[in-house]
Amino acid sequence: MDLNTVRTFVAAADAGQFQEAAADLAVTQQAVSKRIAALERNLGVRLFARTPRGAELTIDGQAFLPHARELLRVAERAVASVRTGSRPLRVDVIASRSAQSGLMRGFHRAHPEIELDVVMLFDIEAAVAAIRSGAIDVSFRAVGMPGRPLPEDIESVRVLDEAHQLLTGPAHTLASARSVTLAQLAGHRIWMPGIVPGTEWAAYYDDLVAEFGLTIEATGPNFGSDALLDTIADTPALATLMGGQTRLVWPAGHGLRRIPVTDPTPVYPHSLLWHRDNPHPALATLRAHLAATAAGHGAAGTWVPDWAIPR
1 MDLNTVRTFV AAADAGQFQE AAADLAVTQQ AVSKRIAALE RNLGVRLFAR
51 TPRGAELTID GQAFLPHARE LLRVAERAVA SVRTGSRPLR VDVIASRSAQ
101 SGLMRGFHRA HPEIELDVVM LFDIEAAVAA IRSGAIDVSF RAVGMPGRPL
151 PEDIESVRVL DEAHQLLTGP AHTLASARSV TLAQLAGHRI WMPGIVPGTE
201 WAAYYDDLVA EFGLTIEATG PNFGSDALLD TIADTPALAT LMGGQTRLVW
251 PAGHGLRRIP VTDPTPVYPH SLLWHRDNPH PALATLRAHL AATAAGHGAA
301 GTWVPDWAIP R
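Each residue of the sequence shown is one higher than the last, beginning at 1 in the UniProt record's numbering.
The following block contains the structure:
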């Protein structure tokens, strides 16, 4: 059904005269008559009856009018849903307790007028595909893995280096340390279930293990952070590595310790990814916010893999 004919019908019904409807629509009276006639042929009924006072709705016209108004409202909503700046900014943050999620909460507090849709995709390949298809606007990822360059139409900027901490239970031999060096971690069992081969975080930890001789175990099913914390609290032989800005909550009885790692401090390089031609105005606002508020990168005494894009 042609929306122009529906719009003309509603204008004529409101005005009560084809001539006045033509003036409202900035078309000729003849154009209004032709559009109404076309709509009547399409519907198979008469919508108006001519009278000395103008045009009055028939019974069928009265029945059709509320539906015609709704058709126009639906069309307006459909257009608004994809109009630049009118839809929410779609953001991939990987996990709800991650540092990326914290960055977006800070952005939302600073710009509550900007609507956000938050999603959690699995790996960088899924995120890049979603950015290129338009399913999302931006993603936070570690980029630069060997053999996996970003497509030319994907832009990125490094926005945060997240320092790692050692997480232990109260009976672990390092639990009372103020800090630990990477050299001190050699020989200790670091348990990190959920490291999936081929992902950007697997590449990061593979390089960390290779360079500093650590023992990272990814065995066993990944039942989530709560199960991980329970196991670490109850197993003196196990510890795990956590991002310093990862939000964790555990029962007071667990007695878990978060211990800084130094000499050097391993940091996870978070970058913001987006499509070069993305016109969403909130994207520029987000980039400016992160540039002004997110912690810097490349600090002395830190370590990142050689493949991490420097800026």
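Where a beta carbon is used, it is the ideal one built from N, C-alpha and C, also for glycine.
Could you check what DSSP says for residue i in three-state terms: helix, strand or coil?
i      : result
Glu113 : coil
Val118 : strand
Arg287 : helix
Ile154 : strand
Val74  : helix
Trp303 : strand
Ile309 : coil
Asp277 : coil
Leu229 : helix
Leu174 : coil
Ala95  : coil
Val209 : helix
Phe64  : helix
Met104 : helix
Arg148 : coil
Val196 : coil
Ala126 : helix
Ala294 : coil
Ala282 : helix
Ala135 : coil
Starting from residue i, follow its DSSP beta bridges and name the residues at the other end.
i      : result
Thr262 : Thr181
Gly243 : His164
Phe140 : Leu272
Thr215 : Arg189
Leu89  : Leu116
Leu248 : Looking at the DSSP assignment, Leu248 forms no beta bridge with any residue, so it has no partner.
Arg257 : Thr168
Val267 : Ala163
Leu238 : Arg189
Within 6 Å: the Cβ of residue i and any heavy atom of the ligand GDP?
i      : result
Thr240 : Absence of the ligand GDP is noted for the structure shown, with no ligands found whatsoever.
Keeping to the same chain, check which residues put their C-beta closer than 8 Å to that of residue i; ignore five residues upstream and five downstream.
i      : result
Pro112 : none
Ala186 : Phe212, Gly213, Leu214 and Thr215
Gly102 : Gln245 and Arg247
Met120 : Asp92, Val93, Ile94, Ala95 and Ser96
Thr302 : Asp161, Ala163, Pro264, Thr265, Pro266 and Val267
Pro221 : Pro193
Leu3   : Leu71, Leu72 and Ala75
Ala127 : Asp92, Leu121, Ile136, Ser139, Arg141 and Leu273
Met145 : Ile124, Glu200, Ala203 and Trp307
Between residue i and the rest of its own chain, which residues show a CB-CB distance below 7 Å, the 5 nearest in sequence each way excluded?
i      : result
Phe9   : Ile36, Leu39, Leu47 and Ala68
Phe18  : Ala12, Gln29, Val32, Ser33 and Ala55
His172 : Pro236 and Ala239
Ala177 : Ile259
Trp274 : Ile131, Asp137, Val138, Glu155 and Leu283
Gln100 : Val93, Ile94, Phe140 and His270
Ala15  : Ala21 and Asp24
His108 : Leu116
Ile309 : Val143, Gly144, Ser156, Arg158 and Ser271
Ala252 : none
Using a Cβ-Cβ cut-off of 6 Å (strictly less than) and excluding sequence neighbours within five positions of residue i, which residues of its own chain qualify?
i      : result
Met242 : Gln165 and Leu167
Pro170 : Gly255
Trp250 : Leu229 and Leu256
**Asked** Per the contact definition of three or more C-beta pairs closer than 8 Å, is the segment 92 to 102 in contact with the segment 33 to 52?
**Response** no
**Three CB pairs or more closer than 8 Å across the segment 230 to 237 and the segment 199 to 207** = no
**Item:** Ordered list of beta strand (DSSP E) runs contained in the UniProt domain "HTH lysR-type" (1 to 58), each at least 3 residues
**Value:** 48 to 51 and 54 to 57
**Asked** Within the chosen definition, does the segment 152 to 163 reach the segment 116 to 133 through at least 3 CB pairs nearer than 8 Å?
**Response** yes
**Given 8 Å, three or more beta-carbon pairs between the segment 177 to 195 and the segment 253 to 264** = yes
**Message:** Under 8 Å: do the segment 280 to 295 and the segment 186 to 196 share three or more Cβ pairs, one atom per stretch?
**Reply:** no
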